[in-house]
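As given, the protein sequences belong to chains A and B, one line each in that order. Count the first sequence with this note's numbering and you get residues 23 to 137, in order. Count the second sequence with this note's numbering and you get residues 19 to 131, in order. Glycine included, C-beta positions come from ideal geometry on N, C-alpha and C.
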Amino acid sequence: AQSVTQPDIHITVSEGASLELRCNYSYGATPYLFWYVQSPGQGLQLLLKYFSGDTLVQGIKGFEAEFKRSQSSFNLRKPSVHWSDAAEYFCAVGALPGGGNKLTFGTGTQLKVEL
Amino acid sequence: ETGVTQTPRHLVMGMTNKKSLKCEQHLGHNAMYWYKQSAKKPLELMFVYSLEERVENNSVPSRFSPECPNSSHLFLHLHTLQPEDSALYLCASTRGTGATEAFFGQGTRLTVV
């Protein structure tokens, strides 16, 4: 069974500082990996995804993530955080159960940005 | 702006009530999903529909009953719920059987009293 671990429940960074959110996954085959962001009272918005190819993927809002198969990790990074980045971030791994795309999510990391 | 619309945004219901959540997607996708988001727990996949057929049911109690009348609409019928069913219910859609990204609605915040 696939699983996702986000070891940091809460992270606080200063505006302008760099950010790295950790994600580790467990999956038997080549994973399809995603990062989503959720602002309060909102649904999930896709930041970026990895299916194959270049292991460093670029997403929206200046985010990037690097797939490291040897470490089973897909950490999210941003070089300079903005106050508007305060939200909850979810890492997810996808599988294809013969129809549709079944996502397994981590428990999320709540990001607080100090001005 | 989202291509997946959920109504209502908020719902308070008693344990003996019957209500329905609605999801509509305007993206031309042919797979739709219900997820449950509870505090301090990972999002839980409840149901998957592909081409209007249910392809997955993750051991969800029968008090939750999904319906997918066409590829654009998905419902979640609720009856005799429990207070622990209070959560944010998220609908999502994907283009189909490929490893494509899921688009989420804004969710329905359900409170069972």
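Pro-29(A) versus Glu-42(A): straight-line alpha-carbon distance, rounded:
As a first step, residue 29(A) is located in the first sequence; it is residue number 7 there, counting from the start. As a first step, residue 42(A) is located in the first sequence; it is residue number 20 there, counting from the start. Each residue's alpha carbon lies about 12 angstroms from the other.
Give me the chain B residues within the contact set of Thr-129(A), using Cβ-Cβ distance strictly less than 8 angstroms, ordered along the chain.
Locating residue 129(A) in the first sequence gives position 107, counting from the first residue. Near Thr-129(A) (Cβ distances below 8 angstroms), the residues of chain B are Lys-58, Lys-59, Pro-60.
Could you tell me the distance, in whole angstroms, from the CA atom of Glu-70(B) to the CA atom of Ser-111(B)?
Working through the second sequence from its first residue, we reach residue 70(B) at position 52. Working through the second sequence from its first residue, we reach residue 111(B) at position 93. Using only the alpha carbons, I get a separation of about 12 angstroms.
Do the CB positions of Val-26(A) and Val-135(A) come within less than 8 angstroms of each other?
Your numbering for residue 26(A) matches position 4 in the first sequence. Your numbering for residue 135(A) matches position 113 in the first sequence. In terms of Cβ geometry, Val-26(A) and Val-135(A) do not form a close pair [threshold 8 angstroms].
With 8 angstroms set as the bound, which would you pick, yes or no: does the beta-carbon of Glu-119(B) sit closer than that to a beta-carbon of chain A?
Looking up residue 119(B) in the second sequence gives position 101. Glu-119(B) counts as touching chain A.
Step through the CB atoms of chain D and report whether any lies within less than 8 angstroms of the CB of Gly-65(A).
You won't find chain D in this structure, because its protein chains are A and B.
Under a CB-based cut-off of 8 angstroms, is Leu-125(A) close to chain B?
Position 103 of the first sequence holds residue 125(A). Yes, its Cβ sits closer than 8 angstroms to a Cβ of chain B.
So is Ala-120(B) buried or exposed if we call it buried at 16+ other beta carbons inside 10 Å?
For the purposes of this step, residue 120(B) is taken as the residue at position 102 of the second sequence. The residue is buried, with at least 16 neighbouring Cβ atoms inside 10 Å.
Rounded to whole angstroms, what's the CA-CA distance from Cys-41(B) to Ser-74(A)? Just pull it up for me.
Locating residue 41(B) in the second sequence gives position 23, counting from the first residue. Locating residue 74(A) in the first sequence gives position 52, counting from the first residue. In a straight line, the C-alpha of Cys-41(B) is about 31 angstroms away from that of Ser-74(A).
Residues sharing a beta bridge with His-47(B), DSSP
Here residue 47(B) is taken as the residue at index 29 of the second sequence, counted from 1. Per DSSP, His-47(B) has no beta-bridge partner at all.
8 angstroms CB neighbourhood of Leu-29(B) in its chain, flanking five on each side removed:
Counting from one through the second sequence, the residue named residue 29(B) turns up at place 11. Close CB contacts of Leu-29(B) within its chain, under the 8 angstroms cut and outside five residues either way in sequence, are with Lys-37, Leu-39, Thr-126, Arg-127, Leu-128, Thr-129 (chain order).
Near-chain B residues of the stretch 41–57 of chain A - C-beta to any C-beta below 7 angstroms
Cβ contacts with chain B: Tyr-54, Phe-56.
Simplified DSSP state of Gln-82(A), which is helix, strand or coil:
Taking the first sequence and counting its residues from 1, one reaches residue 82(A) at position 60. First, the amino acid is wrong: residue 82(A) is Ile here, not Gln. Secondary structure of Ile-82(A) (DSSP, three-state): helix.
Under DSSP, the beta strand (DSSP E) around Pro-84(B) begins and ends at which residues?
In the second sequence, counting from the first residue as 1, residue 84(B) sits at position 66. Here the beta strand (DSSP E) through Pro-84(B) covers 82–88.
Leaving out five residues before and five after Gln-67(A) in sequence, what residues of the same chain have Cβ atoms less than 7 angstroms from its Cβ?
Taking the first sequence and counting its residues from 1, the one referred to as residue 67(A) is at position 45. The beta carbon of Gln-67(A) sits closer than 7 angstroms to the beta carbons of Tyr-58, Val-59 from its chain, once the five residues preceding and following it are set aside; these are given in chain order.
Any Cβ of chain B within less than 8 angstroms of the Cβ of Lys-71(A)?
The residue labelled residue 71(A) in the question sits at position 49 within the first sequence. Interface residue (Cβ-Cβ distance to chain B less than 8 angstroms): Lys-71(A) is classified as such.
Taking the DSSP output, what are the residues bridged to Asn-76(B)?
Against the second sequence, residue 76(B) aligns to sequence position 58. Answer by DSSP bridge pairing: none, since Asn-76(B) is not bridged.
Are the C-beta atoms of Leu-68(A) and some chain B residue less than 8 angstroms apart?
Within the first sequence, the letter at position 46 stands for residue 68(A). So yes, Leu-68(A) belongs to the interface.
Secondary structure of Glu-110(A), DSSP reduced to three states:
Here the question's residue 110(A) lines up with position 88 in the first sequence. Of the three classes helix, strand and coil, the one that applies to Glu-110(A) here is strand, per DSSP.
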